[in-house]
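Structure first, then comments.
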Amino acid sequence: MHRLYRLSNQLHYGFNCTRVIPSCRKITSLAIETSCDDTSVAVVQKTSSESLPNIVCLNTHRTLSKYEMYGGIHPSIVIQEHQKNLARVVYETIKQSQSLGVSNYDLITVTRGPGMLGPLAIGLNFAKGLAVGLNKPLLAIHHMQAHALTVQLESQIPFPFLSILVSGGHTILILSRSVVAHEILASTTDIAVGDYLDKCAKYLEIPWNNQMPAAALEKFAAPTLDDLNVDCNPPNPMSTGEKAHNPNFSFSGLESYARRLITSKSWSFSEKKILAYKLQEAAFKHICQKITKAIESTDLSDVRFLVCSGGVARNSVLKKMLEELLISLHSRGLIPETKLVYPSLELCSDNAAMVAYTGIRMFEEGFKSSLEVEPIRKWPINSILNVNGWIHR
Ligand code: AMP
Ligand code: ZN
Numbered sequence: 001m002h003r004l005y006r007l008s009n010q011l012h013y014g015f016n017c018t019r020v021i022p023s024c025r026k027i028t029s030l031a032i033e034t035s036c037d038d039t040s041v042a043v044v045q046k047t048s049s050e051s052l053p054n055i056v057c058l059n060t061h062r063t064l065s066k067y068e069m070y071g072g073i074h075p076s077i078v079i080q081e082h083q084k085n086l087a088r089v090v091y092e093t094i095k096q097s098q099s100l101g102v103s104n105y106d107l108i109t110v111t112r113g114p115g116m117l118g119p120l121a122i123g124l125n126f127a128k129g130l131a132v133g134l135n136k137p138l139l140a141i142h143h144m145q146a147h148a149l150t151v152q153l154e155s156q157i158p159f160p161f162l163s164i165l166v167s168g169g170h171t172i173l174i175l176s177r178s179v180v181a182h183e184i185l186a187s188t189t190d191i192a193v194g195d196y197l198d199k200c201a202k203y204l205e206i207p208w209n210n211q212m213p214a215a216a217l218e219k220f221a222a223p224t225l226d227d228l229n230v231d232c233n234p235p236n237p238m239s240t241g242e243k244a245h246n247p248n249f250s251f252s253g254l255e256s257y258a259r260r261l262i263t264s265k266s267w268s269f270s271e272k273k274i275l276a277y278k279l280q281e282a283a284f285k286h287i288c289q290k291i292t293k294a295i296e297s298t299d300l301s302d303v304r305f306l307v308c309s310g311g312v313a314r315n316s317v318l319k320k321m322l323e324e325l326l327i328s329l330h331s332r333g334l335i336p337e338t339k340l341v342y343p344s345l346e347l348c349s350d351n352a353a354m355v356a357y358t359g360i361r362m363f364e365e366g367f368k369s370s371l372e373v374e375p376i377r378k379w380p381i382n383s384i385l386n387v388n389g390w391i392h393r
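Here the sequence shown is numbered in the UniProt record's numbering, starting from 1 and rising by one per residue.
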């Protein structure tokens, strides 16, 4: 190990400690993600050079069957599950990466927010314990920043890039100019698209089959069936008056429409399949319309990639619609030739590999976190550094 690195490592919570990382140095991060229902732990390595990072191991525990019984994520069960599973998942991850040796981890990274305070606190406190026990720096990072950077785990995607982050708690369009600079171009004014899709699955009583509810909805949905004509005409949110000029998203009107329509009568199995498709499609059409609106007033001449990330990015209908959108926007001269990129399925939804990678990138930018940091429930992605607890190394 480089001498300067080791020296500063011994002192990393002291004052005036300068860390020098040789350019070829490999950084290894152990990370914990508990911002919502998934208990995820990973070890990721990255050299300072241009090569892609290496996910040494990634273990995610999901208790979908319990949440299905409760009709959705139940905060007290989430806390119970993290308490029950986190230590074991950390233990298994350390064991799987034992050839590295825990003393060779360079960072302990954890999600600090945004998310549910109770679950976040469980991960954060565990990470603090590891950081203290192993005498390593703590990196307490932003969950949506991690979703935005996930694609860089698998491909060379240079800044600046545009991202549509679609998950159970968020729907935001951002322009990422660097690891810490993310401009919000549009965000949801009410519920997130994942929440809307999960509710559609619930109203249609689609069994989860050990998948997330919106994933079950996607599998269940059919564009047409048996020449059936189903009377389903979802509203086009924020499309009239002043709101038509606003690039923000809204899904609560669609959700009320879906609930009213589905509970208005008894639908056959085939009719339900078509409803599922049309209700899902309405949300994605709305996303495409509002991305267009946001792009019309933004200079994207230096952007070459649109990243789609977050749990809903697993959806193949959405990805197809976004691909078609980019072609159409380019042909209208609104954007340069832009490629749609998205993480592999496992990395779309919450996972600790993206957290580990973001911790490494923040560390490379010169940051670590104070041991006094607390979880943050609401933390806009354009204010990553505007919170207490960052220490400039
Ligand atoms: P996240 O909050 O990033 O973990 O994403 C979870 C959200 O993604 C939940 O609302 C899931 O139901 C949703 N999701 C997972 N798979 C799919 C899919 N194939 N299509 C649409 N949404 C999905
Ligand atoms: Zn997430």
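Just so you know, even glycine gets a beta-carbon here, dropped at the ideal spot from N, CA and C.
Keeping to the same chain, check which residues put their C-beta closer than 6 angstroms to that of Leu300; ignore five residues upstream and five downstream.
Excluding positions up to five away in sequence, the list reads Ile335.
Excluding five sequence neighbours on each side, which residues of the same chain lie with their C-beta closer than 7 angstroms to the C-beta of Asn246?
Same-chain partners within the cutoff: Met238.
With three or more beta-carbon pairs closer than 8 angstroms as the criterion, would you say the region 94-111 touches the region 127-137?
Contact holds: three or more Cβ-Cβ distances are below 8 angstroms.
Please list, in chain order, all residues of the same chain as Gly359 whose beta carbon is under 7 angstroms from its beta carbon, the five residues on each side excluded.
Taken in chain order, the residues that qualify are Ser29, Ala31, Leu107, Thr109, Leu139 and Ile141.
With a threshold of 8 angstroms, are at least 3 pairs of Cβ atoms found where one atom belongs to the region 349-366 and the other to the region 141-159?
Inter-segment contact for the region 349-366 and the region 141-159 is present: three or more beta-carbon pairs are separated by less than 8 angstroms.
Classification of Pro158 by the beta-carbon crowding that lies within 10 angstroms, buried from 16 upward
Per the 10 Å Cβ criterion, exposed.
With ligand 1 as the reference, list in chain order each residue whose Cβ lies under 6 angstroms from any of its heavy atoms.
Here the residues close to ligand 1, judged by CB distance below 6 angstroms to any of its heavy atoms, are Cys36, Ser167, Gly168, Gly169, Gly194, Leu197, Asp198, Met212, Pro213, Ala214, Ala215, Glu218, Gly310, Gly311, Val312, Arg314, Asn315, Ser349 and Asp350 in chain order.
Just how far apart, CA to CA, sit Glu346 and Pro119?
Distance from the CA of Glu346 to the CA of Pro119, rounded to the nearest whole angstrom, comes to 21 angstroms.
If you drop the 5 nearest sequence neighbours on each side, which residues of the same chain put their C-beta closer than 8 angstroms to that of His392?
Answer for His392: Gly366 and Phe367, listed in chain order.
Can you tell me whether DSSP reads Lys319 as helix, strand or coil?
Residue state, collapsed to three classes: helix.
On the DSSP letters alone, give me the boundaries of the alpha helix (DSSP H) that Ser270 sits inside.
From DSSP, the alpha helix (DSSP H) with Ser270 extends over Phe269 to Glu296.
Apply the 10 Å Cβ neighbour rule to residue 395 and answer buried if 16 or more other Cβ atoms are within range, or exposed otherwise.
Outside the displayed span of the chain (1 to 393) sits residue 395, for which this structure offers no information.
How about the region 303-320 and the region 198-208: do they share at least three Cβ pairs that are nearer than 8 angstroms?
The answer is no - the region 198-208 does not touch the region 303-320, with fewer than three Cβ pairs under 8 angstroms.
In chain order, what residues of the same chain have a beta carbon less than 7 angstroms from the beta carbon of Trp208, not counting five sequence neighbours either side?
Leu64, Glu68 and Ala216, listed in sequence order.
Start-to-end residues for the beta strand (DSSP E) that takes in Gln45
Per DSSP, Gln45 belongs to the beta strand (DSSP E) from Thr39 to Thr47.
From this set, Ala181, Thr93, Thr338 and Cys36, which residue's C-alpha is nearest Val78's C-alpha?
Distance from the Cα of Val78 is smallest, within the candidate group Ala181, Thr93, Thr338 and Cys36, for Cys36.
Cβ of Leu225 within 8 angstroms of Cβ of Ile274?
At a Cβ-Cβ threshold of 8 angstroms, Leu225 and Ile274 count as neighbours.
Cβ neighbours of Gly71 in the same chain (closer than 8 angstroms, five flanking residues each side left out)
Cβ neighbours of Gly71 beyond the five flanking positions: Lys202.
Selection from Phe363, Leu185 and Phe161 that minimises the alpha carbon distance to Gln45
Per the C-alpha coordinates, the member of Phe363, Leu185 and Phe161 positioned closest to Gln45 is Phe363.
Quick one: is Lys293 buried, meaning 16 or more other Cβ sit within 10 Å of its Cβ, or exposed?
Burial of Lys293 is indicated by the presence of at least 16 other C-beta atoms within 10 angstroms of its C-beta.
Going by CA-CA distance only, name the one from Ser270, Arg260, Ala283 and Glu271 that's closest to Phe251.
Per the Cα distances, Ala283.
Which term fits Val303, buried or exposed, when burial requires 16 or more other beta carbons within 10 angstroms of its beta carbon?
Classification of Val303: buried, given that the 10 Å Cβ count is 16 or more.
Given Thr263, which residues of its chain have a CB within under 8 angstroms of its CB, disregarding the five upstream and five downstream residues?
Closer than 8 angstroms at Cβ, skipping near neighbours: Tyr203.
Just how far apart, CA to CA, sit Gln96 and Gln83?
Approximately 21 angstroms, taken between the alpha carbons.
Given Phe269 as reference, the closest of Ala222, Arg260, Leu306 and Ile287 once Cα atoms are compared:
The shortest C-alpha separation from Phe269 is found at Ala222.
Taking 6 angstroms as the limit between beta carbons, can you name the residues of its chain near Thr188, skipping five residues before and five after?
Here the set comprises Thr171 and Phe249.
State the start and end residues of the unbroken beta strand (DSSP E) segment that holds Leu107.
Leu107: member of the beta strand (DSSP E) spanning Leu107 to Gly113, first to last residue.
Assigned secondary structure, Cys57 (DSSP; H/G/I helix, E/B strand, else coil)
In the structure shown, Cys57 sits in a strand (DSSP, three-state: E or B).
Measure the beta-carbon distance from Asn125 to Glu92 and round it to whole angstroms, keeping in mind my assumption that it falls under 8 angstroms.
Not really, about 19 angstroms apart at Cβ, beyond 8 angstroms.
Classify Thr18 as buried or exposed, calling it buried when 16 or more other Cβ atoms lie within 10 Å of its own Cβ.
Caution is warranted here: a pLDDT of 34 is assigned to Thr18, below 50, making its placement in the model unreliable, and the coordinate value is therefore given only provisionally. Classification of Thr18: exposed, given that the 10 Å Cβ count is below 16.
Quick one: Cα of Glu50 to Cα of Ser344, how far?
C-alpha separation (whole angstroms): 20 angstroms.
Can you tell me whether His330 is buried or exposed? The criterion is at least 16 other CB atoms within 10 Å of its CB, across all chains shown.
By the 10 Å Cβ count, His330 comes out exposed.
Rounded to whole angstroms, what's the CA-CA distance from Thr34 to Gly310? Just pull it up for me.
Going from the Cα of Thr34 to the Cα of Gly310 covers about 15 angstroms.
Beta-ladder partner(s) of Cys308, from DSSP:
Bridge partners of Cys308: Ile164.
Confirm the yes/no value for this check: CB of His61, any heavy atom of ligand 2, distance under 7 angstroms.
No, Cβ of His61 sits at least 7 angstroms from all heavy atoms of ligand 2.
Nearest residue (CA-CA) to Glu337, options Phe305, Asp190 and Gly168
Among Phe305, Asp190 and Gly168, the Cα nearest to that of Glu337 is on Phe305.
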